[in-house]
Amino acid sequence: MAKTILCSSGGKRPCGVCRNCVLAEKNEHPDLILIEKGSPIAAGVKKDRNTIPIEDIREMIRLCGIRSTDGNKRVVLLFDADKMTTQAQNCLLKTLEEPPSDTYLILATDHTESILPTIISRCRILRTKAWDDQYILSVLDRNHVLGEHSADAVAAAGGSIGRALELTNDDSYWKLRDEVMDIFFQTTSRSDVLKISNQWKDRKQDAEQLFSVLESLVGMLMEYRFYRDRKTDLSAFPPQWQKFAGKAQEEEFVVLTNCISSSKKQLQYSLNFQAVLEKLIFTFIGEGNKWLQ
Ligand SMILES: [Zn+2]
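As structure tokens, this is what we get:
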């Protein structure tokens, strides 16, 4: 979409060959401002932070005030828009309402519920539909990234090409996914839970990814259980997981997904990670026990 706006071809856009297209493709276009969590554009913002701070939005507004090169159009691409802090979102409001001329703001998110209603009401919503798994595989093939995990990546990507591309060769993701599969539904004794939580106590930096992997796996189980037409492939899942997916009721899934999202919140409020993890594992044991006997 950004390339289409910036492309200078008189014919079909984006043409892919004009200077604007080439620069945009390499993320080097001077009039394309990219904002995402973890790669700040404002000076002095820490690289590894998990949110988009107000400083980035202020810097973006400052850049938008400068004349674009050759009087071009300008595009602001804000990935993970839900990661903006509340202050950042409030700071963005006025610019969204009255953007500088020829400036397009594109906010991308898969969590609209985390975005202020005042922001949403100022945007035009475009919902992207989930791509068909076969089509995503063909895109991976075309980009020469087919690998050992491609089929699982497509299954875990929930119809998103970007996510599948990102996951397929992300070794740390697959390692963590194996760990998550070993922990949940498989652990049954109290002493094992304590052993696991103890091993994890110093890995708080991995906590967010752990929760999001778990969330995505439980999402796949739900798809398998309730949306049979998507033909979710669970063959890579351990037997206990498959058994749960075949039998559990909606209520159990609700308990699990609620527990994962409250764990995420508790971590944001800096609760003890080990305690949060233990509670989560025990919840899985409790819900699993109803079906795994
Ligand atoms: Zn072009």
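Count along the sequence shown from 1, then add 8; that gives the number in our numbering.
Cβ atoms here follow ideal geometry from the backbone N, Cα and C, with glycine treated the same way.
A straight line joining the alpha-carbon of E33 with that of G24 spans about 8 Å. The three-state secondary structure of V262, taken from DSSP, is helix.
Residue state for V201 is assigned as helix, using DSSP reduced to three classes. When DSSP states are grouped into helix, strand and coil, L115 belongs to the strand group. Taking a contact as a CB-CB distance under 8 Å, the pair V221 and T265 does not count as one, their CB atoms being some 14 Å apart. Judged by DSSP secondary structure, I41 falls outside any alpha helix (DSSP H) and instead within the beta strand (DSSP E) spanning 40-43. With contacts defined by Cβ atoms closer than 8 Å, L86 and I114 form a contacting pair. Counting along the chain, the unbroken beta strand (DSSP E) around V83 starts and ends at 82-86.
Looking at the DSSP output, M189 shares a beta bridge with no other residue. With a cutoff of 7 Å, R21 counts as near ligand 1, since its C-beta is closer than that to a heavy atom of the ligand. Taking 8 Å as the cut-off, the Cβ atoms of T117 and V84 do not count as close. Judged by the Cβ position, G18 fails to qualify as a neighbour of ligand 1 at the 7 Å threshold, every heavy atom of the ligand being at least this far.
For S47, the pairing in a beta bridge is given by DSSP as E44. With a cutoff of 7 Å, G24 counts as near ligand 1, since its C-beta is closer than that to a heavy atom of the ligand.
By the CB criterion at 8 Å, I133 and V147 fall outside the cutoff.
The count of Cβ pairs closer than 8 Å, one atom from the stretch 245-265 and one from the stretch 156-172, stays below three, leaving the stretches out of contact. Taking the CA atoms as reference points, E187 sits about 27 Å from K55.
Within its own chain, the residues whose Cβ lies closer than 6 Å to the Cβ of Q282, once the five positions on either side in sequence are excluded, are S205, K209, listed in chain order. Sequence-distant partners of K102 (beyond 5 residues in either direction) whose C-beta falls short of 6 Å from its own C-beta are missing from its chain.
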